Amino acid sequence: MSGLKIVVLAKQVPDTHNVGANAMNPDGTVNRAALPTVFNPEDLNALEMALQIKDRVPGTHITVVTMGLPKAAGIITDSMSRGADAGFVLSDPRLGGADTLATSYALSKAVEMVGNVDLIIGGRQAIDGDTAQVGPQVAEKLDIPQVTYAETLVNVDAKSIELTRRLADGIEQVRVNMPAVITVTGTAKPCRFPHAHRLIKLDGMTVETRNADDIKPDLERIGKKGSPTKVKKIQNVVLAHKESQQVAPTTEALSELMGSLIAEHII
Amino acid sequence: MNFYTDNPSLSFYLHHPDMAQVTEAREQGYSKTEEGGPADNETALRQYEMVLNLVGEVAGEVIAPNAAEVDHVGPQLVDGRVEYAPGTRQNLDAIVQSGLFGLSLERRFNGLNMPRAAIVMAAEMIARADVGFATIWGLQDCADTIQEFADEELKVKYLPRIYEGATCSMDLTEPDAGSDLQSVRLKATWDEANNCWRLNGVKRFITNGDADIHLVLARSEEGTTDGRGLSYFVFDKADGGMTVRRIENKMGIKGSPTAELVFRNAPAQLVGQRKLGLIKYVMSLMNGARLGVGAQSIGLCEAALREAEVYAASREQFGHAIGQFVAVQDLISAIRSRTEGARTLMYETARWVDLSASSKAAARIADILTPLVKMTASEFANKCAYDCIQVHGGSGFMKEYPCERLYRDARILTIYEGTSQLQVVAAIKGIANGAYTKLIADYDAKAALVATEGEMAECLAALRARSAEYEALYAKATANGTTDPLFDHMARKLTEHIATTVMGYLLLLDSARDAHFMGSLKWFLEQN
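Just so you know, the sequences run in chain order Z and C.
Quick note on this note's numbering: the first sequence kicks off at 1 and runs consecutively.
Quick note on this note's numbering: the second sequence kicks off at 1001 and runs consecutively.
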């Protein structure tokens, strides 16, 4: 079986653990320039999924695509230090201010530009928006099937891929024909570390940048112009429950709960 | 958590002005660009920093979280073989997957050709995560012995395997040969028919004893009884002939398997020349190993500092966090100052070790500084672990907090790779021939250029007063000559005095680059 061609969609996001006072612009959009940035955590799970496929299918080629400011180049070198083969930043002021509709359109055009892609893999959602819409919309625009909430890779052959999905009420195993879009949950295997030798090889590498013209879009459908979403108001919401855990009504489960409460010095 | 980025001292020492000489020497005048070497100091340091940043991530994200369980589960002996604790296996996998074995190897053996000053930094971070695991990781230093002394055939056979994750051990000690390695009895005999040496005998207290690649000190010259009859061999576990008889049940570093090994006709190859095993090769390896224990010790000190700080900030008594009470602050200051003193001494020593390859004068300085690092850092590690428990009060005596593990892990540091008492023996020559006095005079000349006014000048004056005290102490110790037992009796005091003075000067020089270090310098000056 010859190698597969994979595009990983990754996003550089504000580090939500370090949000300061000037995190938002007056118009309600995120002030990206003022925030420290990180690799969107679930996109790292997505990259790991792609690397696992590459481990199983020799000759597989992984291209990482990120849309954002030029400084998002760090996402590409980081991905390549972990094993991706190539990547580019899609950066253009005309693409700025995009909602999920315009973003997924631009990304689908970028995937078309790469050409003959078997799999498009991304994180389930980004921590700065939590919409989980971009992956599915890319699949719709490319008119190919999608597997959301993917957690583990079961099998992959020349034509299809088999995955488990993590759902609220259980785990589902599915097989999908390629090409397809996969979105990966944060419960999937964490991404492997960079490799020391690759880090050094990539030192000084200039990351490729592509602009709006390269992906040949309908200019009415990208950036702010192509984004019907308007932010009306931003509100801070404090959730009452941080985490919940279901305990089975059995003696064992209850004594386990008591044990962990004692261990944590709660009681 | 990343143990490199959360500790600015590491970047501070990586970017020490003298590192320019170190990288230039290591890269032979930056002549190795064709094989992927850096073109200048700035590039070299940037690349080391990338690797250290990765080590910091693996240490913080994988090794540290595994440490408590590894300590609890420990390795098992199954059918004459060691099985690591599952956490140790995970640690090794993460290290291999991220290419962090073989850091010192030449590039042609898939190494990164990193200097000692950068490698001990990696060792420090790994030890901060888990000292027991640091012993396993640190034994990759065996590669240096092979790289330096073995012939090309052995290098090609073994060195690339180390990068791929083959583990190593140094098999030196035996039931009757601990500190006194001249008494080694394990026998090596030449097997003409198979064109190899055969090893027969027992090795005891071998760290990571069931490693893939062993360096074995053995008696190759029949009829001899001292060090001149010993040679050094490399043994490949895959060739068979060695079994593990037991794993020691230890007080600390429990994740690191310490094993008793039985060699029965095990095939081996000679490293370098016959008869030079102990007197040349082991001695050369020993200095590296001592620096390694220095790094382990400082990693442990750093861990103790972090544990103490976190507890002092969160534990409330009398309506305040206990860290707000001066008595607790004093304990934490002592931990921080010892950590920073030992650290500056270690990186200074590591830089001299790196320059030793091309300079005999540098090698002499490295030789006299190494026992100071080994003794001081390991003794400090014990004191820091002790004070860390003290900060925790009653809770520190319980098993719930990591400080009790640190306390147990610290205890071996003053013992293995030469006890503190043997470090004093190693330092005696430098005391008697005035080498330390000359070294301190060199530091004084450098310090005089930067400590011209204010607090800096006051500290320099205090350090000079200490040097004068040393002269008086030395005069007293040598009143009856250096062969009198009085001199031996006072040798430790003299060695400690020198170590503190050297650390003081180094902290003063560091303070000229970053005032942060002034706090630790003052702490040292307040001690007797």
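Built from N, CA and C at the ideal position, the CB exists for glycine as well.
All values derive from a computational prediction rather than experimental measurement.
Secondary structure remark: continuous alpha helix (DSSP H) runs of at least 4 residues inside the region 1208-1244 of chain C: none found. Cys1196 (chain C) is positioned such that its CB atom lies closer than 9 Å to that of Gln1269 (chain C).
As the crow flies, the alpha-carbon of Gly129 (chain Z) is around 24 Å from that of Pro145 (chain Z). Across the structure, Ala1361 (chain C) and Val1353 (chain C) are spaced so that their CA atoms are roughly 11 Å apart. Residue burial is scored here from C-beta neighbours: Asp1210 (chain C) has at least 16 other C-beta atoms within 10 angstroms and is therefore classed as buried. Taking 7 Å as the Cβ-Cβ cut-off, the region 1072-1106 of chain C approaches chain Z at Ala1094, Gln1097, Ser1098, Gly1099 and Leu1100, given in chain order. Under the three-state reduction of DSSP output, Gln1317 (chain C) falls in the strand class. If the five residues before and after Leu4 (chain Z) are omitted, its C-beta is found closer than 7 Å to the C-beta atoms of Ile53, Val57, Thr60, Asp118 and Leu119, all from its own chain and listed in chain order. Residue contact with chain Z for Gly1036 (chain C): present (Cβ-Cβ distance below 9 Å to some residue of chain Z).
With a beta-carbon spacing of about 7 Å, Leu1092 (chain C) and Gly1165 (chain C) fall inside the 8 Å limit used to define contacts. Taking 7 Å as the Cβ-Cβ cut-off, the region 1274-1300 of chain C has no residue approaching chain Z.
Taking 8 Å as the Cβ-Cβ cut-off, the region 1027-1056 of chain C approaches chain Z at Gly1036, Thr1043, Arg1046, Gln1047, Met1050, Val1051 and Leu1054, given in chain order.
A distance of 9 Å or more separates the beta carbons of Thr1501 (chain C) and Tyr1474 (chain C). About 5 Å separates the beta carbons of Ala1432 (chain C) and Thr1482 (chain C), which is inside the 8 Å limit, making them a contact pair. Against Asp85 (chain Z), chain C offers no close residue; the least beta-carbon distance is about 17 Å (beta-carbon pairs closer than 8 Å). Restricting attention to C:Glu1034, C:Ile1335 and C:Asn1287, the CA atom closest to the CA of Ala1363 (chain C) is found in C:Asn1287. According to the DSSP secondary-structure assignment, Phe39 (chain Z) is paired through a beta bridge with Z:Gln12. Shown in chain order are the members of the region 178-197 of chain Z whose Cβ falls below 7 Å from a Cβ of chain C: Arg192, Phe193, Pro194, His195, Ala196 and His197. Along the region 3-23 of chain Z, none of the residues has a CB nearer than 8 Å to a CB of chain C. Scanning the region 1254-1316 of chain C for uninterrupted beta strand (DSSP E) segments of 3 residues or longer gives 1258-1270, listed from N- to C-terminal end. DSSP, reduced to helix, strand and coil, places Tyr1436 (chain C) within a helical segment of the structure shown. In the three-state DSSP reduction, Val1184 (chain C) falls in the coil class, being neither helix nor strand. In terms of Cβ geometry, Asp43 (chain Z) and Ala84 (chain Z) do not form a close pair [threshold 9 Å]. In this structure, the alpha-carbon of Pro93 (chain Z) lies about 12 Å from that of Arg210 (chain Z). The beta carbons of Phe1003 (chain C) and Ala1129 (chain C) sit about 7 Å from each other, so the pair counts as a contact at 8 Å. Under the rule that a run must span 3 or more residues, no beta strand (DSSP E) segment is found entirely inside the region 1082-1108 of chain C. Assignment of beta-bridge partners to Ser1009 (chain C) by DSSP yields no partner. Excluding sequence positions up to five before and after Arg198 (chain Z), its CB lies within less than 6 Å of the CB of Ser81, all in the same chain and listed in chain order. Assigned with DSSP and collapsed to three states, His61 (chain Z) falls in strand. Sixteen is the threshold: when 16 or more other Cβ atoms of the shown chains lie within 10 Å of the Cβ of Ala1127 (chain C), as they do, the residue is buried. Selection C:Gln1140, C:Gly1240, C:Lys1187 and C:Pro1160 evaluated against Asn1208 (chain C) yields C:Gln1140 as nearest (Cα-Cα). Between Asp1409 (chain C) and Val1131 (chain C), the C-beta gap is smaller than 9 Å, which places the two residues in contact. Around the C-beta of Asn155 (chain Z), fewer than 16 other C-beta atoms lie within 10 Å, and the residue is accordingly described as exposed. Taking the beta carbon of Val1202 (chain C) as reference, no residue of chain Z falls within 8 Å; the closest one sits roughly 38 Å away.
Taken in chain order, the members of the region 196-225 of chain Z whose beta-carbon sits within less than 7 Å of a beta-carbon on chain C are Ala196, His197, Leu199, Ile200 and Asp203.
Apart from the 5 residues on each side of it in sequence, Glu1404 (chain C) sits with its Cβ closer than 8 Å to the Cβ of Ile1389, Gly1396, Phe1397 and Met1398 in its chain, given in chain order.
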